[in-house]
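Take a look at the structure below.
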Amino acid sequence: MILVFCGPPASGKTEIAKRLAERLKGSRLISTAEFRRKRYRRISAEAERWAGRVDYLILDGTFHREEWRNSIKTIALKSGQEILTIYLKCSLQTCLKRNELRKDRIEEKAVRIVHEQMEEPMAPDIVIDTETSGIEEAVEGILRALVKNRGKQLEETPSQNVLPGERH
Numbered sequence: 003m004i005l006v007f008c009g010p011p012a013s014g015k016t017e018i019a020k021r022l023a024e025r026l027k028g029s030r031l032i033s034t035a036e037f038r039r040k041r042y043r044r045i046s047a048e049a050e051r052w053a054g055r056v057d058y059l060i061l062d063g064t065f066h067r068e069e070w071r072n073s074i075k076t077i078a079l080k081s082g083q084e085i086l087t088i089y090l091k092c093s094l095q096t097c098l099k100r101n102e103l104r105k106d107r108i109e110e111k112a113v114r115i116v117h118e119q120m121e122e123p124m125a126p127d128i129v130i131d132t133e134t135s136g137i138e139e140a141v142e143g144i145l146r147a148l149v150k151n152r153g154k155q156l157e158e159t160p161s162q163n164v165l166p167g168e169r170h
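Quick note on the numbering used here: the sequence shown kicks off at 3 and runs consecutively.
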């Protein structure tokens, strides 16, 4: 399964994606932050390389253009993988505040431009308002959606293998 995290800069994508990757056994996290140039071409190449080789391929980036998300959908179709689009919503003001607190902050102008140019996904599988949801709450919500989507219990890392309210 391919999970695509998209949303404006400083909306919480990377933190939520990292926590999710820690929880899901057989996952691989690839972030556009790993690449300096041609980010979406390179993340697509990595997605093509890893699709079907891991249980959960987690892609972290703004993916603010529909064409970039469509590129990943094409890879999912070719590799026979399910795809889950996770859209993180956050106001520009909150993104700007969070960006100021980051050690790897980006230029304010870039945050504004990407926020303005964000092409919201037409029908995301999951929408998380990160102004009202914390990181752990978001991760738990995604895990519940995966269980529902897959129709079976997820295999998580040994330290955290039971979702709240569920028993083995």
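A virtual CB, placed ideally from N, CA and C, is assigned to each residue, including glycine. Since the structure is predicted, the reported quantities are computational estimates derived from the model, not experimental observations.
- Non-local C-beta neighbours of Arg-100 in its own chain, meaning closer than 6 Å and more than five positions away in sequence, comprise Ala-12, ordered along the chain.
- Arg-71 and Cys-8 do touch by the CB rule: their CB atoms are close to 6 Å apart, below 8 Å.
- Residue environment: Leu-103 is assigned as exposed (fewer than 16 neighbouring CB atoms within 10 Å of its CB, all protein chains considered).
- As a beta-bridge residue in DSSP terms, Val-129 pairs with Tyr-89.
- Restricting attention to alpha helix (DSSP H) runs no shorter than 4 residues, the segment 42-130 encloses them at 68-81, 94-103, 110-119, ordered along the chain.
- If you check the CB distance, Ser-29 and Ile-60 come in under 8 Å.
- Looking at the backbone, the Cα of Val-56 and that of Lys-27 are separated by about 9 Å.
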